[in-house]
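Counting in the UniProt record's numbering, the sequence shown runs without a single skipped number right up to 300 at its last residue. Ideal placement from N, C-alpha and C gives every residue a C-beta, glycine not left out. Please read these numbers as outputs of a predicted model, since none were measured by experiment. Remarks on the structure that follows.
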Amino acid sequence: MSEQPCQTSDRAETQGGFTRSVDRALSLLEALAAHGSPSSLSSLARATNLSKATVHRILNTLVARGFAERAGDGYTLGNQMLRPRPEAIRAAALQRKLMPFLLALYERTHCAVSVGVLHRGYVFYSDRLHHQWHHDSFRQPVPAHCSAVGKLFLSYERDAVAGLAERELKRFTAMTITRVGDLSCELTVVRRKSVAYSHGEYLRDEAEVAVPIFGPDRRIVAGVSVAGPLDSMNLDAVRMEASQSAQKASYYLSQPTALGLSQRCGSQYDGATLEACGQLGGGIPSQRASSGRSCDACEG
């Protein structure tokens, strides 16, 4: 009986050591995800406040399990971390379903356009529609507090602020909001105006505008994201264009015919629905209004 306290202490030490190891591994994965290019051992050690020896030891394990991989003299995320997640698949499915609206928005703004969904504090984006401008360092998922789409979702969640108070708001740039009180005030404005912004809060030279897409029950199902260069993006003009596209997309999703784009995408548009959506303003480019014919986005 006298040995039990020692046994309990040993078990507690083992559990504590395991927790520290897991925490260090997760910190390394976060550092790898935050870097847009292969990360050196030294940079990872600085980012995680760990010794090079510790970083090297943990990386060897992550590489062996496929969660990290060597890339020249550095390291990147491995295939196990890059496999599509259900949230990313959901964002991609919404993108396919709403492609005409997104293409119209891209054609009017020439910025990077995508849709995003929120899951456990992180935003998962569909592939960005882009041509002239796209940030090569963009990586996802993106923490909600520094994403315009994330702020949209948080503004519609009753207990969002309470949940944020329990976690650290990580700083990515000098513009990242890291105080819960400041973020709470911004979320109030976001909810009232139905638009959210990120002013270089995740990537220092990228601006993002996001507006909500609602489902049939009037709950937010996704956010339309428009991203561009922070120093030249016309936020007001983009907001107006994005709001029109989101309004049309929300109307379309409220229709019983909202099944998809075309047979290649999994379904087809209904001509009457397209006409009704077009009457909301601006029309819908890249479309074939007659039922059973695919939109231009699906041809090729």
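Among the options, nearest to residue i - alpha-carbon criterion
i: Lys151; options: Val195, Thr109, Lys170 and Leu129; result: Val195
i: Gly121; options: Glu157, Cys111 and Val113; result: Glu157
i: Leu32; options: Met233, Tyr75 and Tyr106; result: Tyr75
i: Gln255; options: Leu98, Ser21 and Arg239; result: Leu98
i: Leu187; options: Asp205, Lys170, Arg167 and Ala162; result: Ala162
i: Asp182; options: Cys146, Ile213 and Leu203; result: Cys146
i: Arg57; options: Ser43, Gly72, Pro38 and Ala25; result: Ala25
i: Asn234; options: Gly116, Glu206, Asp159 and Pro100; result: Glu206
i: Leu118; options: Asp217, Phe101 and Ala160; result: Ala160
i: Thr176; options: Lys193, Ser184, Tyr202 and Phe153; result: Tyr202
i: Val211; options: Met240, Ala64 and Arg20; result: Met240
Cβ-Cβ distance between residue i and residue j below 9 Å
i: Ala249; j: Ala91; result: no
i: Leu77; j: Leu59; result: no
i: Ala174; j: Gly200; result: yes
i: residue 385; j: Leu253; result: Outside the modelled stretch of the chain, which goes from 1 to 300, sits residue 385, for which no answer is possible.
i: residue 347; j: Val209; result: The question about residue 347 has no answer, for the chain in this structure spans 1 to 300.
i: Val226; j: Leu105; result: yes
i: Gln95; j: Ser51; result: no
i: Thr178; j: Arg167; result: no
i: Arg204; j: Leu169; result: no
i: Pro38; j: Asp73; result: yes
Distance between beta carbons of residue j and residue i, contact taken as under 8 Å
i: Leu28; j: Thr48; result: 6 Å
i: Val123; j: Pro141; result: 6 Å
i: Val224; j: Ser198; result: Actually they are not in contact, since the Cβ atoms of Val224 and Ser198 sit about 14 Å apart, beyond 8 Å.
i: Ser155; j: Arg191; result: 4 Å
i: Leu129; j: Leu164; result: That pair is no contact at about 30 Å.
i: Val55; j: Ala68; result: 11 Å between Cβ atoms; not a contact.
Residues bridged to residue i (per DSSP)
i: Ser114; result: Ser225
i: Ala68; result: Leu77
i: Leu129; result: Val113
i: Pro212; result: Gly223
i: Tyr122; result: His119 and Pro143
i: Ala207; result: His199 and Gly228
i: Ser43; result: Note: Ser43 sits in no beta bridge, so no partner.
Cβ-based burial, residue i [other Cβ within 10 Å; buried from 16]
i: Gly110; result: First, the amino acid is wrong: residue 110 is His here, not Gly. The residue is exposed, with fewer than 16 neighbouring Cβ atoms inside 10 Å.
i: Ala144; result: buried
i: Val189; result: exposed
i: Gln268; result: Its pLDDT being 33, under 50, Gln268 is placed unreliably by the model, and nothing is read from it.
i: Ala71; result: exposed
i: Ala148; result: buried
i: Arg108; result: buried
i: Gly266; result: For Gly266, the predicted structure reports a pLDDT of 31, less than 50, and the residue's modelled location is therefore unreliable. The matter cannot be settled from this model.
i: Ser232; result: exposed
i: Asp217; result: exposed
i: Thr19; result: exposed
i: Phe153; result: buried
i: Ala53; result: exposed
i: Arg65; result: exposed
9 Å Cβ cutoff, residue i in contact with chain C
i: Gly181; result: The chain labelled as chain C is not found in the depicted structure, where only one protein chain is given.
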